[in-house]
């Protein structure tokens with residue numbers, strides 16, 4: 007732990023012990039982690055059912071609640087709000103408490119806010135299935151779910167920032183930069199987007215621009231920041247070295263904030279041409295901060311990667327997440343423009359960032375955090391289940407990402423050539439790639455189940471240790 | 002870094018930059034966009050949707066049609082051309098028919114020279130005049146002028162290194178049929194020069210435009226979609242994925258451009274298209290065997306409903322019993338029929354031949 011806390015000597019004398027910090031985290035973080043993983047499973051199943059309909063249109067037909075147009079947004083929003091954001095709160099609370107050496111403020115209040123968040127997400131998913139989706143990507147929750155989401159987020163973030171303010175370790179480590187930036191970024195983009203789309207209702211295509219801006223910020227800044235926070239916490243910790251080149255990390259952090267928010271609109275067609283042009287340039291420029299951050303991590307772990315891969319379940323997840331971050335940035339920069347417009351290529355980006363970059367980093371972190379908070383060990387009880395979770399998640403993300411990307415390329419070829427038959431080549435012709443996606447979502451659901459089973463084992467062992475004597 | 006507030010302020014500044022550029026600036030540019038008047042009519046585009054179609058937009062959103070269909074036509078290039086509409090006349094126009102023959106065969110000699118200048122790839126033939134006409138001094142003067150112009154043209158050709166073919170079509174043939182496409186799919190300068198040459202010679206010529214791109218070739222629209230097409234839409238469901246065809250101009254699409262092409266049987270094309278779209282909603286695979294669009298059978302009643310205006314039953318096919326479209330099905334189809342982008346806008350013109358019929362949201366005649 008000392009390696010990730012560069013200036014522990016400045017810590018206040020009144021700093022709580024690690025055990026006290028972890029005790030304060032137990033309830034809210036475990037609740038958020040468990041609900042997040044459960045939503046990952048539920049969202050993956052919804053996405054799986056939706057993906058089958060893409061090549062098997064008679065599957066589950068005849069019921070409007072489960073038609074593709076509702077299942078797919080329900081799945082994506084369940085994954086974004088139920089899994090990704092919820093899990094990121096667990097990670098944020100844990101990182102603030104551990105790195106700030108402070109007990110969480112109002113653990114019970116945080117748990118209640120998290121409960122309300124889950125209720126709101128459930129209401130939102132059912133609202134989409136009932137046909138109340140707003141029609142904006144990643145913002146499909148109807149207003150009656152979107153407002154409670156914002157309210158519970160405000161409570162969660164406020165208590166998280168109060169905790170940060172009370173920290174005894176005054177120096178802010180890199181991970182906390184990302185956590186603070188993401189915690190502040192999210193309410194700003196959410197309130198802007200909800201205000202302009204559902205409240206004030208800006209006219210015409212400006213709505214699509216605002217929605218695209220929100221979606222990109224959510225993926226590129228908020229979720230990527232949480233993933234990077236996890237990477238910067240666990241990589242130095244696992245290899246037991248201080249972070250190499252913090253200056254590079256600092257430059258990368260600020261550049262990511264400055265450039266990351268400009269992408270995401272490169273694929274809009276019916277807008278003034280400067281908007282996709284600016285976004286396309288930003289998609290390329292954002293390679294610089296991503297490279298800077300990853301180089302800083304690589305320099306830290308260099309030489310110990312193979313060893314850490316073998317010994318540490320968390321590190322495996324993180325390594326793949328880091329590679330995927332580089333991969334998704336490059337592929338968006340190179341192919342993310344006009345050519346792949348209106349294809350599954352953009353869908354692939356959402357899924358890789360949600361489930362790959364963030365999802366794998368978060369699952370990896372939870373494989374360390376959950377045992378710390380339950381059994382007090384550094385690893386979950388069943389290493390077999392941890393392996394299943396890792397390989398299933400890895401294959402799931404690869405299948406979904408590759409399947410959607412290849413389908414996107416095939417569609418792009420058809421879109422660019424009017425001589426090709428749209429239905430035969432561009433719709434029926436991509437069934438093979440989409441079947442890969444279905445398998446991928448199945449694997450992701452399996453990974454979530456394996457993690458949840460391991461989670462259950464850890465909780466059971468913890469309970470047996472506490473009250474086993476009474477029985 | 003020790004101070005959280007500095008971090009927060011830096012993040013706020015970064016976000017404010019991207020907000021100003023990608024939220025504020027587009028709103029300033031597009032926020033005041035208004036429907037444009039349609040030339041030669043009192044209507045505007047886009048027109049407000051009638052009530053049923055407005056309800057259909059809600060069905061479109063609610064069922065998530067936008068998850069698979071875009072409503073944005075893309076255009077790769079805009080090219081130009083010159084079209085000759087009438088020969089016109091001036092002092093150098095001669096009739097090659099004998100007076101009293103009852104026929105007229107006017108030849109605008111200046112136009113021939115202008116055409117030759119606009120089309121260096123075509124030859125130019127001498128004009129032969131029936132001998133009795135040579136007594137007419139006007140004809141003689143015009144022919145003299147023409148011969149002098151031909152010599153000048155020859156001189157200019159030699160200077161520019163242009164060698165005109167001696168056989169094949171000549172500008173004289175081109176001038177003989179109207180409307181004649183003089184230049185097709187060229188840059189704006191060449192087209193404008195040709196139009197100026199032709200109009201200077203007294204002919205009636207116009208600049209024509211060619212919207213090009215795979216979407217337009219597929220018949221999905223007459224021009225690209227622009228921000229103005231959506232000023233009345235809330236929420237604006239542009240769509241970002243094409244698992245189904247683009248719907249931006251579904252209401253005016255030619256029947257042969259559908260995934261399952263067909264031909265209009267009668268003159269009431271709007272009703273035929275509506276019928277076709279209702280069948281598509283009921284079961285897309287009745288029309289296009291391979292379609293992966295989910296069927297919306299829940300928008301139809303099997304039995305005649307107990308309401309006053311049940312509407313006509315829908316005969317879906319010969320084997321199946323007729324069904325009764327619910328209100329939502331009719332609304333969705335009404336919404337789809339309002340999808341059109343054939344109206345010329347200043348920022349996105351359409352070719353003149355495809356001019357929109359003035360009037361309502363009814364689909365244009367194909």
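Residue numbers (our numbering), protein chains in the order written: chain Y, 7 to 477; chain P, 2 to 367.
Backbone N, C-alpha and C define an ideal beta-carbon position, used for all residues, glycine too.
So which of the options has the shortest CA-CA distance to residue i?
i: residue 60 (chain Y); options: Y:321, Y:76 and Y:195; result: Y:76
i: residue 116 (chain Y); options: Y:266, Y:287, Y:165 and Y:255; result: Y:165
i: residue 330 (chain P); options: P:109, P:115, P:275 and P:13; result: P:275
i: residue 318 (chain Y); options: Y:263, Y:111, Y:409 and Y:372; result: Y:372
i: residue 83 (chain P); options: P:247, P:72 and P:176; result: P:176
i: residue 459 (chain Y); options: Y:395, Y:468, Y:408 and Y:443; result: Y:395
i: residue 272 (chain Y); options: Y:153, Y:284 and Y:262; result: Y:284
i: residue 454 (chain Y); options: Y:150, Y:103, Y:399 and Y:105; result: Y:399
i: residue 249 (chain P); options: P:235, P:231 and P:236; result: P:231
i: residue 415 (chain Y); options: Y:111, Y:222 and Y:342; result: Y:342
i: residue 23 (chain Y); options: Y:107, Y:261 and Y:235; result: Y:107
For residue i and residue j, I'd like the C-alpha separation in whole angstroms.
i: residue 240 (chain P); j: residue 343 (chain P); result: 20 Å
i: residue 31 (chain Y); j: residue 241 (chain Y); result: 22 Å
i: residue 261 (chain P); j: residue 280 (chain P); result: 12 Å
i: residue 356 (chain Y); j: residue 466 (chain Y); result: 35 Å
i: residue 131 (chain Y); j: residue 27 (chain Y); result: 34 Å
i: residue 179 (chain Y); j: residue 105 (chain Y); result: 7 Å
i: residue 407 (chain Y); j: residue 16 (chain P); result: 29 Å
i: residue 437 (chain Y); j: residue 359 (chain Y); result: 23 Å
i: residue 363 (chain Y); j: residue 324 (chain Y); result: 9 Å
i: residue 202 (chain P); j: residue 99 (chain P); result: 24 Å
i: residue 370 (chain P); j: residue 150 (chain P); result: Residue 370 (chain P) is absent from the structure shown; chain P starts at 2 and stops at 367.
i: residue 222 (chain P); j: residue 74 (chain P); result: 6 Å
i: residue 40 (chain Y); j: residue 71 (chain Y); result: 27 Å
On the CB-based measure, 16 or more other CB atoms within 10 Å of its CB, does residue i come out buried or exposed?
i: residue 336 (chain P); result: buried
i: residue 1 (chain P); result: A query on residue 1 (chain P) cannot be resolved here, the shown segment of chain P reaching from 2 to 367 and no further.
i: residue 217 (chain P); result: buried
i: residue 365 (chain Y); result: buried
i: residue 105 (chain P); result: exposed
i: residue 347 (chain Y); result: buried
i: residue 102 (chain P); result: exposed
i: residue 207 (chain Y); result: exposed
i: residue 155 (chain Y); result: buried
With a Cβ-Cβ cutoff of 8 Å, do residue i and residue j count as a contact?
i: residue 232 (chain Y); j: residue 199 (chain Y); result: no
i: residue 233 (chain P); j: residue 47 (chain P); result: yes
i: residue 275 (chain Y); j: residue 215 (chain P); result: no
i: residue 277 (chain Y); j: residue 255 (chain P); result: no
i: residue 45 (chain P); j: residue 36 (chain P); result: yes
i: residue 102 (chain Y); j: residue 33 (chain Y); result: no
i: residue 32 (chain P); j: residue 212 (chain Y); result: yes
i: residue 208 (chain P); j: residue 193 (chain P); result: yes
i: residue 443 (chain Y); j: residue 405 (chain Y); result: yes
i: residue 86 (chain P); j: residue 110 (chain P); result: no
i: residue 268 (chain Y); j: residue 288 (chain Y); result: yes
Identify whether residue i lies in helix, strand or coil by the three-state DSSP scheme.
i: residue 372 (chain Y); result: helix
i: residue 121 (chain Y); result: helix
i: residue 348 (chain P); result: coil
i: residue 201 (chain P); result: helix
i: residue 46 (chain P); result: strand
i: residue 94 (chain P); result: strand
i: residue 272 (chain Y); result: coil
i: residue 308 (chain Y); result: coil
i: residue 381 (chain Y); result: coil
i: residue 289 (chain P); result: coil
i: residue 14 (chain Y); result: The predicted position of residue 14 (chain Y) is uncertain, since its pLDDT is 45 and thus under 50; no value can be drawn from it.
i: residue 124 (chain P); result: strand
i: residue 110 (chain Y); result: coil
i: residue 139 (chain P); result: helix
i: residue 302 (chain P); result: strand
i: residue 258 (chain P); result: helix
i: residue 32 (chain Y); result: helix
i: residue 243 (chain Y); result: helix
Please confirm whether any heavy atom of the ligand MG lies closer than 7 Å to the CB of residue i.
i: residue 232 (chain P); result: The ligand content of the structure shown is nil, which means the ligand MG is not present either.
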